[in-house]
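What follows is a short report on a single structure.
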Amino acid sequence: MMEVECIAQDMSPDQLRQADKVFITSIAGGAMPVTRIDGEPIWTGTPGSITKKVTERYGRMYAEGQYRIIVDHPATA
6 MMEVECIAQD
16 MSPDQLRQAD
26 KVFITSIAGG
36 AMPVTRIDGE
46 PIWTGTPGSI
56 TKKVTERYGR
66 MYAEGQYRII
76 VDHPATA
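Counting with our numbering, you get residues 6 to 82 for the letters of the sequence shown.
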């Protein structure tokens with residue numbers, strides 16, 4: 006596992022603008038970099054190394070089947 010501290014909390018756009026790097030996550034999409042808010046770049050405006058590492062690790066875990074549950078949705082007529 007990665008040794009990255011994670012905190013889930015609400016943040017204002019101003020707090021996000023002051024961050025070095027920002028990414029959002031979802032079950033289906035993994036980690037996605039946020040490089041701009043209202044058209045203004047965050048820090049350098051490019052994804053950071055942590056975002057890249059989280060994205061790569063999520064991709065490996067998904068491919069290996071770790072922490073993945075297949076949900077069967079039967080077709081309805």
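Ideal Cβ positions, reconstructed from N, Cα and C, are used throughout, including at glycine.
Secondary structure at residue i, three-state DSSP: helix, strand or coil?
i	result
K27	This sequence places Val at residue 27; Lys is not what is there. The answer is strand: DSSP assigns V27 an E or B state.
E45	strand
V59	helix
M7	coil
A33	coil
P79	coil
P52	coil
Please report the distance separating the alpha-carbon of residue i from that of residue j.
i	j	result
D25	G44	16 Å
I55	I29	12 Å
V9	T81	42 Å
T51	G70	30 Å
V85	A68	Since the first residue of the chain shown is 6 and the last is 82, residue 85 is not available in this structure.
Less than 8 Å between the C-beta atoms of residue i and residue j, yes or no?
i	j	result
I32	V39	no
G64	G35	yes
M7	R62	yes
P18	I42	yes
Count the other CB atoms within 10 Å of the CB of residue i; is the residue buried (16 or more) or exposed (fewer)?
i	result
V59	buried
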